[in-house]
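Numbering (this note's numbering), first residue to last: 113 to 323. See structure below.
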Amino acid sequence: MRITFFGPPGSGKGTQADRISSCFGLQHISTGLLCREEISSGSELGQRIREIVESGHLVSDEIMNEEVFSRIETIDNFLLDGYPRNLSQAKSLDEYLENAGKPLTGAIFIHIPDEEVIRRLTGRLVCVCSNKYSDTGSDIRKEGDICPVCREPFAKRNDDSSEIVKKRLDHYHNLTRHLENYYENRLLEIDGFGTIDQVNERIRKEMLIWV
Ligand code: AMP
113 MRITFFGPPG SGKGTQADRI SSCFGLQHIS TGLLCREEIS SGSELGQRIR EIVESGHLVS
173 DEIMNEEVFS RIETIDNFLL DGYPRNLSQA KSLDEYLENA GKPLTGAIFI HIPDEEVIRR
233 LTGRLVCVCS NKYSDTGSDI RKEGDICPVC REPFAKRNDD SSEIVKKRLD HYHNLTRHLE
293 NYYENRLLEI DGFGTIDQVN ERIRKEMLIW V
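This is the structure we're talking about:
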């Protein structure tokens, strides 16, 4: 199975992508995480990516396509999280996969309203190992608390300030949202409201048509 997850920032796609990839035995490739790893490596490319990510803009299609294609070249079952982010990336991905004889099975679109995006992102604390756990819900944590998995402190992501979140939302509405029409015939639309378990169950149920 080869699928992609998309949705507004803070829709929970990273958390769900992680769970779904384990459940269905898919390799999870998160382009947001790839960007943060490149930034942490201190490379020259990482420095350029840092400026783009922290200003709330999107990294170039050329860089992202190359990063993704080099990772999916040798694998048949994968879940892409945060890629494609626009129509041009979606078309490049389809072309690449068609040529490789392993077309995309489908896309999962998790949606939540803008007010909820702002509420979730401006309140979330993340850690190094996952960069995705929210401090909302039952697992209340404070800045500086230590993640039990990676032993690093929870902190706000630099691109989760309200000003940058607004820019990220603009990119989502102007670019990513169009993927809904593009993937029309192979799309599962999921309501992102509810607990992590509730949303996960919704996705797994809908995905049965691909199994
Ligand atoms: P995310 O963790 O998915 O919210 O991604 C964090 C940031 O990484 C985004 O705001 C972009 O700057 C960058 N990024 C991640 N995926 C892509 C992509 N497919 N295309 C362009 N930029 C991306």
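Using N, Cα and C, we set each Cβ at its ideal position, and we do this for glycine too.
For residue i, three-class secondary structure by DSSP
i    : result
P121 : coil
E313 : helix
G158 : helix
A267 : strand
G126 : helix
R148 : helix
D303 : strand
I187 : coil
L192 : strand
H140 : strand
V238 : strand
R114 : strand
Heavy atom of the ligand AMP within 7 Å of residue i beta-carbon
i    : result
R197 : yes
C147 : yes
I315 : no
T127 : no
H169 : yes
G137 : no
G304 : no
Q159 : no
V229 : no
T143 : yes
G235 : no
P120 : no
G194 : yes
D130 : no
Nearest residue (CA-CA) to residue i, options the options
i    : options                   : result
I308 : E166, G126, V165 and I115 : G126
Y284 : G235, G158, L199 and D188 : L199
G168 : L205, D188, N270 and N293 : N270
K203 : W322, Y295, G304 and R280 : Y295
G194 : E185, I187 and N177       : N177
P225 : G304, R197, L320 and F190 : G304
Heavy atom of the ligand HEM within 7 Å of residue i beta-carbon
i    : result
T116 : For the ligand HEM, the structure offers nothing, since it holds only the ligand AMP.
Enclosing beta strand (DSSP E) for residue i [first to last residue]
i    : result
G218 : G218 to H223
Alpha helix (DSSP H) segment containing residue i, residue limits
i    : result
N327 : Outside the displayed span of the chain (113 to 323) sits residue 327, for which this structure offers no information.
V171 : Premise fails: V171 is in no alpha helix (DSSP H) and is neither H nor E.
Cβ-Cβ separation, residue j to residue i (assumed contact under 8 Å), whole Å
i    : j    : result
N312 : R131 : 5 Å
Q128 : I315 : 6 Å
K214 : D188 : 6 Å
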